[in-house]
Structure formats: structure tokens, C-alpha cells
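Heads up: the protein sequence lines correspond to chains A and B, in order. So for the first sequence, our numbering puts the first residue at 1; every next one is plus one. So for the second sequence, our numbering puts the first residue at 1; every next one is plus one. No residue lacks a Cβ here, since even glycine has one placed at the ideal position from N, Cα and C. The structure presented is a predicted model; accordingly, all values stated were derived computationally and were not measured. Structure record follows, encoded as C-alpha cells.
Protein chains: 2
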Amino acid sequence: MKIKESVKQEFVKYLEANNHRKTPERFAVLDQIYSMSGHFDIEMLHSAMQDQFRVSLATIYNTLELLVDSQLVVRHKFGVYAQYEKAFNNSNHYHMICNVCGEMQEVKEELLFSIIKNRKLKKFTPSHYALYIYGTCGKCKTVSKKRKK
Amino acid sequence: MKIKESVKQEFVKYLEANNHRKTPERFAVLDQIYSMSGHFDIEMLHSAMQDQFRVSLATIYNTLELLVDSQLVVRHKFGVYAQYEKAFNNSNHYHMICNVCGEMQEVKEELLFSIIKNRKLKKFTPSHYALYIYGTCGKCKTVSKKRKK
DNA sequence: GTCAGTGCAAACTTTTTGCAACTAC
DNA sequence: GTAGTTGCAAAAAGTTTGCACTGAC
Numbered sequence: 001m002k003i004k005e006s007v008k009q010e011f012v013k014y015l016e017a018n019n020h021r022k023t024p025e026r027f028a029v030l031d032q033i034y035s036m037s038g039h040f041d042i043e044m045l046h047s048a049m050q051d052q053f054r055v056s057l058a059t060i061y062n063t064l065e066l067l068v069d070s071q072l073v074v075r076h077k078f079g080v081y082a083q084y085e086k087a088f089n090n091s092n093h094y095h096m097i098c099n100v101c102g103e104m105q106e107v108k109e110e111l112l113f114s115i116i117k118n119r120k121l122k123k124f125t126p127s128h129y130a131l132y133i134y135g136t137c138g139k140c141k142t143v144s145k146k147r148k149k
Numbered sequence: 001m002k003i004k005e006s007v008k009q010e011f012v013k014y015l016e017a018n019n020h021r022k023t024p025e026r027f028a029v030l031d032q033i034y035s036m037s038g039h040f041d042i043e044m045l046h047s048a049m050q051d052q053f054r055v056s057l058a059t060i061y062n063t064l065e066l067l068v069d070s071q072l073v074v075r076h077k078f079g080v081y082a083q084y085e086k087a088f089n090n091s092n093h094y095h096m097i098c099n100v101c102g103e104m105q106e107v108k109e110e111l112l113f114s115i116i117k118n119r120k121l122k123k124f125t126p127s128h129y130a131l132y133i134y135g136t137c138g139k140c141k142t143v144s145k146k147r148k149k
């Protein structure tokens, strides 16, 4: 897999630039993340790693911090706990979040983000963008209609 | 103050529509929120209310839930805890959040949100939008330059 | 009078931290 | 060898919950 290799390279670059050690745990976490699809949270990542390369929760938190800092992973905060997603080779999209059931859908979107990117933000160097649209999803709308009847 | 009255009216409408009681605590929370400027968190709100009308944390959480549901208040999740802001008569803006110091700046923006609003989102009824731009703010850039020297 | 709402504290959940053991360099 | 990392468990921080009391309707 080309992407995994590129990401690992990027991570090595980041670790070296910041005088962090290249521990097997860190690469195992990165590898696991880029083996999964879509969003994930710490709990998912931790339990997914139980079989192959067991890593403690503390280390996962630590590694995720580095990955977010190195811009290989993006952190979201929708509900009670943090959610993450791959940042490398992951096309721009926004998130629609249902106020009722909390479900989240990704929607591809290039135009909007290119507009945003061309904005001049004085003194601020952007690293990534997140657009959330809150509302009611189709399923929950149907349910509430039925309830009101 | 006109706005406070309008908001209260809206809240009454919402409470009645949903068979909730119109308790003094709820109006005190709403009033406090619309007396403050900018973003706030539960802790700030709670301590700001200590003097005039003391309300328990549990009630503040409860009331905020109702206010978010009634779309009079918007909930954000930047860092460890939830942040809130007024939603009524609060013009569209995005948020620039510094990855280093965590500071948040509001930037007014009408065009972008009008583009988003005109999007057709099949089966999804939007209630509000949040655009976050993560990056490094001017202050932190300066600091890190100095450090690297 | 009734039951939704409140205050309080305890419980819960997610994340952070302290510390001894370990290991990348 | 030595400091940065890890794992574990304890602690912290934010939020939710259980329960008795109160007050809006």
C-alpha cells in the first residue's frame, strides 16, 4: 500500500524534526489508523489493536497527539468523546450531524473548501478546515412526524 | 433591551410547545447568557450567576440542553469542555482556532454561509452551521520562530 | 395535589498524570 | 548510559444521574 508508506515517511520526518523517538508503538498506531476506514475514536482504535500489537491507552492518547500535531490525523469533537479521521490523501468533505440521533454523514465538497483556502487570514496560518452542518437527518424526521400524529 | 425580550418570547414558545415548565431558573439562565458577550462555558455561566440568581450546575446543564434544542444557543466543542454562544441575532461567522495555544477568534462571514445554505442536502434539514479553521495564530508563530533560532 | 424541575452529591466517562520499568538512541 | 516512552493504575475534569424536596400548573 503506497499511502501507508507515504504516511509513515511523513511521520518519521515529523518525529525526527521534533526529536521524538521512533518507537514500534507509534508506528503500530499509525498503521492501524490507516488500515481502517472512516472515523474512529480512541476506544475503537484500542480494541482494534488488541489482537496484533497491544498498546496501552496512554500511549494511544500520546501518539494521537503527535499525529494530530503532524497533521496526519484530524481530531473532531462531536459528542462526548473525541473522534478522529485520517488526514492524508483524504479528500475534503463536510460533516452533517444529526441533533437527534447524533449520527454523522460525510459529504464530499471541493468548491467550498477551495473558496475558504483562498481567503486571506491575516496572521493566521491554517492547517485544516472543518465544516459541520447540524440538523435533523431523514430517519429522525420520519420518526418525529410519526410521534406527533 | 429588545433582544432579550424576543429571546425570552421564543423560549416561552418553545417551552409551551414541548410541555416544559416556565421556571424562574430557566429564564435566569437565558437572561444571563444574553447579558454576556461572546462565547462562554458552563463554568463561566455558573460562576457569573452566583451573585444574582444562584442556579445549580445540574439545572444549568439541563437548561442549556433546552436552549440548544430550541436553537437559541449553539454548542461548540473545541477543547476539553463544551463552549456555547448565543444563536439569536448573532451574525454568521467562522472560528479560527489555534492548535498551539487553543485561542479562538471569530471572523464575520456572510458569503460562505449563504452558499452553504443554498446547497440541497437531501433528506437532511439543517439547523445551523459551524466552520472551524485550525492553524497557528500570529502570536504562536512568533514564539515558535524564536524558539527554533 | 401532582409531577416536572431543582439542588446536591455521588457516579460515570473520557482523558490526563505519576511513577517504575523499559528501550531507542 | 540516559533520557524519552511505555504501561498501569490512580486522579482529574466535565457531565450525567439518583433521590428527596420544591414549586409550576
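Alpha carbon of residue i to alpha carbon of residue j, nearest angstrom
i                      : j                      : result
residue 82 of chain B  : residue 69 of chain A  : 22 angstroms
residue 121 of chain B : residue 141 of chain A : 14 angstroms
residue 23 of chain B  : residue 53 of chain A  : 54 angstroms
residue 46 of chain B  : residue 98 of chain B  : 26 angstroms
residue 35 of chain B  : residue 106 of chain B : 19 angstroms
residue 130 of chain A : residue 75 of chain A  : 10 angstroms
residue 25 of chain A  : residue 77 of chain B  : 29 angstroms
residue 95 of chain A  : residue 40 of chain B  : 24 angstroms
residue 49 of chain A  : residue 63 of chain A  : 14 angstroms
residue 135 of chain B : residue 17 of chain B  : 42 angstroms
residue 33 of chain A  : residue 86 of chain A  : 7 angstroms
residue 92 of chain A  : residue 111 of chain A : 9 angstroms
residue 116 of chain A : residue 73 of chain A  : 20 angstroms
residue 44 of chain B  : residue 84 of chain B  : 10 angstroms
residue 30 of chain A  : residue 67 of chain A  : 8 angstroms
residue 71 of chain B  : residue 56 of chain B  : 22 angstroms
residue 100 of chain A : residue 14 of chain B  : 17 angstroms
residue 118 of chain A : residue 6 of chain B   : 38 angstroms
residue 10 of chain A  : residue 38 of chain A  : 20 angstroms
residue 65 of chain B  : residue 28 of chain B  : 15 angstroms
residue 108 of chain A : residue 138 of chain B : 31 angstroms
Interface residues of chain A facing residue i [CB-CB closer than 9 angstroms]
i                      : result
residue 127 of chain B : 99, 133, 134, 135 and 136
residue 116 of chain B : 94, 112, 131 and 133
Closer than 8 angstroms at the beta carbon, the chain B residues around residue i
i                      : result
residue 123 of chain A : 137, 138 and 141
Below-8 angstroms beta-carbon distance, residue i vs any chain A residue
i                     : result
residue 78 of chain B : yes
Contact test: residue i Cβ vs the ligand NAD heavy atom, cutoff 7 angstroms
i                     : result
residue 12 of chain A : The ligand NAD is absent from the structure shown, which contains no ligand whatsoever.
Q | 3-residue-minimum beta strand (DSSP E) runs that sit fully inside the stretch 91-121 of chain B, ordered along the chain | A | 93-98 and 104-108
Q | Contact list for the stretch 129-140 of chain B against chain A, Cβ threshold 7 angstroms | A | 129, 130, 131, 132, 133, 134, 135, 136, 137 and 138
**Q.** Contact list for the stretch 89-102 of chain B against chain A, Cβ threshold 9 angstroms
**A.** Closer than 9 angstroms at the C-beta level to chain A, one finds these residues of the stretch 89-102 of chain B: 94, 96, 98 and 99.
Q | Unbroken stretches of the beta strand (DSSP E), 3 residues or longer, contained in the stretch 43-84 of chain A | A | 73-77
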